[in-house]
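Please read the structure below before turning to the comments.
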Amino acid sequence: MSFLPASADAEFDLLCIGNAIVDVLAPVDAGVPEAEGLVPGSMTLIDAQRADALYGRLEPEQQTGGGSAANTAVAASLLGARTAYLGTVAADALGLAYADDLRRAGIFYPTAPLDAERAGGHSTARCMILVTPDGQRTMSTYLGACTAFGPADLDERAVARSRMLYLEGYLFDPPAAQDAFRRAAEIAHDAGRKVALSLSDPFCVGRHRAAFRALAAGHVDILFANEDEILSLYEAADFGQAAAAAARDVELAVLTRGEKGSVVFCRGERTDIAAQPTTLRDSTGAGDAYAAGFLFGLARGLAIAECGRIGAVAASEVISHFGARPEGDLRALAGV
């Protein structure tokens, strides 16, 4: 039996909500993140002045419309899913380019750019992603206009007509966004849909642990997390303990473990999925791509093991090159 209920009336397979951020990817030498006062492998929030200064010291190799949930939406679309995205940008050149980029990728993106008053004087968000030779990425994020997202920015009709709603944990900082998450989950469940949450980052979990646990237990059907994030969420001593807690809280817990593959608990039943062999160049977007592949599989009514395999294929493609978006033919690689 498929995890998703039948829904012939669905307009979209997947609607993602997250921080609308322009990703700026730059290769750097080992030691540069520490020299910039950053914790390697983590995400640090910075202000506009720091963003401008850091950007001036980098040599970007790639700039794309991104943010975690947007990366998932794009990868899912490339696999053949009908996808939509909600996230706020400013009415500036970067924001207009962001919207155009997503729409050209086949994403339904109805969110209007914010005027100066709604944006609070902020420009469109940017994330500087420093990638060291070992493939590790360290992110410095200026949130800018994406922090304005709130319940008024929900396209309630699109939420109700999407088979799955996917919420990005990075967006959870502003109180208005938290309200939007809860309202969107309510709309989705009232329409008989499933709600997924990505924890995004262990530091993000640390800031909102109690709220995330309440959200997972009360509003979420599908939880995506890596090993560090799930350990942080449940303040667990080991992975097994954290995984068991997640399996109790949600119907479907999807837990990724890098080279160890992933572990999925569906209504208490465990499925282990192997990682796909690849050469790591840049780990940016690995979790986003995995979620896209997994959710695509759910939308097609596939078995959990097959959903995980497609997710692993998508993740392996993304980490094999520089940048968070797939470059190869995901449909051919995954055989879908």
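In the working numbering, the protein residues as written are 4 to 339.
Ideal placement from N, C-alpha and C gives every residue a C-beta, glycine not left out.
Following the DSSP letters along the chain, one finds alanine 335 inside the alpha helix (DSSP H) bounded by residues 333-337. The three-state reading of DSSP puts valine 31 in coil, since its state is none of H, G, I, E or B.
In this structure the segment 159-166 does not touch the segment 310-330; the number of beta carbon pairs closer than 8 angstroms is below three. Taken through DSSP and simplified to helix, strand or coil, isoleucine 110 comes out as coil. Proline 205 counts as buried, since at least 16 other C-beta atoms from the protein chains shown sit within 10 angstroms of its C-beta. Under the three-state reduction of DSSP output, glutamine 181 falls in the helix class. With 16 or more other Cβ atoms from the protein chains shown falling within 10 Å of its own Cβ, arginine 140 counts as buried. In the structure shown, the three-state DSSP call for glycine 69 is strand. In the DSSP assignment, leucine 48 falls within the beta strand (DSSP E) that extends over 46-48.
Between the segment 272-286 and the segment 227-244 there are fewer than three C-beta pairs closer than 8 angstroms, too few to call the two in contact. Using a 10 angstroms sphere on the CB of serine 5, the tally of other CB atoms stays under 16, which defines it as exposed.
In this structure, the alpha-carbon of phenylalanine 299 lies about 6 angstroms from that of alanine 84. Taking leucine 99 as the centre and dropping the five residues before and after it, the same chain places the C-beta of Pro116 closer than 7 angstroms to its C-beta, in chain order.
By the neighbour-count criterion, in which 16 or more other beta carbons inside 10 Å mark a residue as buried, alanine 73 falls on the buried side.
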